[in-house]
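**Q**
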Ligand code: HEC
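In the numbering used here, the protein residues as written are 592 to 709.
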């Protein structure tokens, strides 16, 4: 009987330990969601940019990027690529996380959403 209790107790203890570990793994996994090499621009945007620029490009902690009323509507493609590659102000650099081709694709996506031809 006492053995049974001890076994049950350690099972509970293990659950208490495993649950936070499982949660931590889930949270870390969400933070570093891998971006496939050939991911389309919209997918790259959703993972890398939407947390700051908004799922609809409406702006959050970062400026609005979508629509003709976006403050960046007159900025050049080179400016976009440079901003994403090297970062700007409070925006982090993505040059070490995204390939040049991925950056090109996410810029195409944003320019299209501004109603501009990429
Ligand atoms: C951690 C938040 C954050 C993330 C993630 C982020 N940005 Fe930004 N972004 C900013 C901030 C803040 C600025 C304004 C920088 C400044 O001028 O000081 C900015 C500026 C920009 C600009 C210039 C816009 C303007 O009006 O001057 C572009 C273009 C841009 N971001 C695109 C992107 C793209 C594309 C991604 C994804 C690859 C991305 N950003 C990811 C926060 C972020």
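Idealized CB from N, CA, C, for every residue including glycine.
Measuring straight from C-alpha to C-alpha, what distance separates residue 619 and residue 652?
**A** Taking the first residue of the chain shown as 1, we reach residue 619 at position 28. Taking the first residue of the chain shown as 1, we reach residue 652 at position 61. Bear in mind that the predicted position of residue 619 carries a pLDDT of just 49, short of 50, making it too unreliable to give a figure here.
**Q** Going by DSSP in three states, residue 681 sits in which element: helix, strand or coil?
**A** Counting from one through the chain shown, the residue named residue 681 turns up at place 90. DSSP places residue 681 in coil when its eight states are reduced to three.
**Q** If we count Cβ pairs, one from each stretch, closer than 8 Å, do we get three or more for the stretch 664-678 versus the stretch 626-638?
**A** No contact exists between the stretch 664-678 and the stretch 626-638.
**Q** Have a look at 689, 699, 702 and flag the residue whose alpha-carbon is nearest the alpha-carbon of residue 638.
**A** Locating residue 638 in the chain shown gives position 47, counting from the first residue. The candidate whose alpha carbon is nearest that of residue 638 is 689.
**Q** Starting from residue 691, trace the alpha helix (DSSP H) in both directions and tell me its first and last residue.
**A** The count along the chain shown starts at 1 and reaches residue 691 at position 100. Unbroken alpha helix (DSSP H) run through residue 691: 691-704.
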